[in-house]
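Contents: one structure, followed by commentary.
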Amino acid sequence: MARREDDMEKVKDKSEPLLLPENGSDVSEEEGASWMVCLSTFIAVCGSYEFGTCVGYSAPTQFGIMEELNLSYSQFSVFGSILNVGAVLGAITSGKISDFIGRKGGDIPLDFGRFLTGYGCGTLSYVVPVFIAEISPRKLRGALATLNQLFLVIGLASMFLIGAVVNWRALALTGVVPCVILFFGTWFIPESPRWLEMVGRHRDFEIALQKLRGPNANIAREADEIKEYLATIAHLPKTTLLDLIDKKNIRFVITTHRCCSGLSVPGASPTLGSILYSIEQVILTALGATLLIDRLGRRPLLMASAVGMLIGCLLIGNSFLLKAHGLALDIIPALAVSGVLVYIGSFSIGMGAIPWVIMSEIFPINLKGTAGGLVTVVNWLSSWFVSLTFNFLMIWSPHGAFYVYGGVCVLAIIFIAKLVPETKGKTLEEIQAMMM
């Protein structure tokens, strides 16, 4: 036990710079994102785009598939929900798979059927943000990592837009394009340097890091910091699920579980409103989370997002309450629409993207596979639970349902204020040492 405490203290020491270049600055950080980082991020978020197309596919194709294949509502529900089954299985194995084969190999299951597509989505929902976080310079890590959510909502929007003009078979074939780019693109981008060093491929680690930072970048400080951190972590015992409830680990496990679970935007039907809803998500995710995350920080955006979602839930709930009592009927439509717009907009600038960024940042590499996979499972199960219970809550009480969701937002606000750390501007090693 004393040995473990000593190792933890060594990890904490890694929050200080380990090696400074002669000119006193870290060239690799000052140069920003190299073309290789940009290319690697683009290849990775093709998986996010594919993820979005898979999630959004069933809504615009429902009536065409049911009519042509003579399916009942229950049969189509099985078709739509089987994606979640595959995603849960993919999430369960995603962490260990990425620790075993690397961050680039998690896309392969996407190429097989809807069930296996769901498996691939569950895997990619963990692998993509982790891969982007591990290759990005710290000053741009937040913006690059939120591209995961941005491309997901772009994929979702594309299904509504393209689905309005093509049949369901042609729409399914459009998903082949990002799969091809993702599959072949991974052969031309470097593996995560941290993973390479973790598995003992030291020479490949240096080559990958140099490619990502540029041929003229000084990687000495960053390389030594990663090496010494991983050398210390290597002395720690191998982690299991039981280790996640250790008092030193429980804070960041709960942090990401709470942020990544339960708060999501409900699915939509294939109407003009759905198209506008998805376009709003794209615009606000791009302008909000992606552009502001490395300027304002993670916590302020999460707090603003949770408060906005609370306001949106209250506006929608109040509109149903007024309707139930026959009061102020002339303002109810405006109240409901305003609530939906506020909720979606608030979700897009924070809760949609930032929890995945935090998940990719705060877990130590010896916990990342186990804990990250568990977080992803919780996210998918929570999304399934919200979808399952929504109609029952609406039958029970339409305004009560949104007051319940508002209560969840209140809990999220308290949780963010008390437990969620600020990770802006820190290296992954500094963040993980801070959480120890």
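Residue numbers for the sequence shown follow full-length UniProt numbering, beginning at 1 and rising by one.
Ideal placement from N, C-alpha and C gives every residue a C-beta, glycine not left out.
Cβ-Cβ distance between residue i and residue j below 8 Å
i: S360; j: G308; result: no
i: P427; j: I358; result: Reading off the sequence, residue 427 comes out as Thr, not Pro. Cβ distance not < 8 Å, so T427 and I358 don't count as in contact.
i: A87; j: C121; result: yes
i: A157; j: I279; result: yes
i: G288; j: S348; result: yes
i: A217; j: F131; result: no
i: C179; j: A306; result: no
i: R213; j: S34; result: yes
i: C46; j: G175; result: no
i: L150; j: T370; result: no
i: K323; j: I332; result: yes
i: E197; j: F188; result: no
i: E191; j: L209; result: no
i: G373; j: Y126; result: yes
i: L292; j: L301; result: yes
i: G64; j: W195; result: no
Contacting residues, own chain, Cβ-Cβ under 7 Å from residue i (five flanking each side not counted)
i: G163; result: P60, T61, L171 and P270
i: L321; result: H399
i: I154; result: Y49, G52 and V282
i: residue 453; result: Here the chain comprises residues numbered 1 to 436, so residue 453 is not present and cannot be evaluated.
Residue i (DSSP reduced to helix, strand or coil)
i: L419; result: coil
i: E50; result: helix
i: S360; result: helix
i: W187; result: coil
i: P21; result: Residue placement at P21 is flagged as unreliable, the pLDDT there being 43, under the threshold of 50; a coordinate-derived value is accordingly withheld.
i: S136; result: coil
i: L71; result: coil
i: N318; result: helix
i: I219; result: coil
i: K227; result: helix
i: A433; result: helix
i: T117; result: helix
i: H399; result: helix
i: N167; result: coil
i: A412; result: helix
i: T41; result: helix
i: T61; result: helix
Neighbourhood of residue i by C-beta, 8 Å cutoff - its chain only, sequence neighbours within 5 removed
i: G425; result: R138, K139 and D294
i: A304; result: S346, I349 and G350
Rounded C-alpha distance that separates residue i from residue j
i: I395; j: Y405; result: 15 Å
i: I311; j: A336; result: 12 Å
i: A286; j: C313; result: 23 Å
i: F160; j: G56; result: 7 Å
i: E134; j: Y277; result: 32 Å
i: L182; j: L83; result: 20 Å
i: H202; j: C38; result: 24 Å
i: V282; j: L341; result: 13 Å
i: V375; j: D330; result: 44 Å
i: G118; j: V177; result: 17 Å
i: I416; j: V166; result: 43 Å
i: I275; j: L284; result: 14 Å
i: T232; j: G200; result: 14 Å
i: residue 458; j: T123; result: Nothing about residue 458 can be reported from this structure: the residues present for the chain run from 1 to 436 only.
i: P364; j: W356; result: 15 Å
i: G407; j: Y343; result: 14 Å
i: N318; j: R299; result: 28 Å
i: R397; j: A145; result: Looking at the sequence shown, residue 397 is not Arg but Ser. One C-alpha to the other measures close to 38 Å.
i: L69; j: M36; result: 46 Å
i: L71; j: Y403; result: 36 Å
i: S40; j: C54; result: 22 Å
i: A328; j: F385; result: 34 Å
i: S136; j: K418; result: 28 Å
Cut-off 6 Å between Cβ atoms - residues of its own chain near residue i, not counting five sequence neighbours on either side
i: L152; result: S48, F51 and G52
i: A66; result: It should be pointed out that residue 66 corresponds to Met in this sequence rather than to Ala. Around M66: F76.
i: I250; result: With a pLDDT of 45 at I250, under the threshold of 50, the modelled position of this residue cannot be trusted, and the question is left open.
i: F112; result: With a pLDDT of only 44 at F112, under the threshold of 50, the placement of this residue in the model should not be trusted; the figure read from the coordinates follows. Closer than 6 Å at the Cβ level, and outside the excluded window around F112, lies no residue.
i: A412; result: A306
i: V128; result: A44, G47, S48 and N148
i: L393; result: A401
i: V211; result: In the sequence on display, residue 211 carries Lys and not Val. The answer, listed in chain order, is M36 and P190.
Residue interval of the alpha helix (DSSP H) (run including residue i)
i: K211; result: H202 to R213
i: T146; result: R141 to G163
i: residue 442; result: The requested residue 442 is not part of the displayed model; the chain covers only 1 to 436.
i: I344; result: I332 to S346
i: L196; result: P193 to M198
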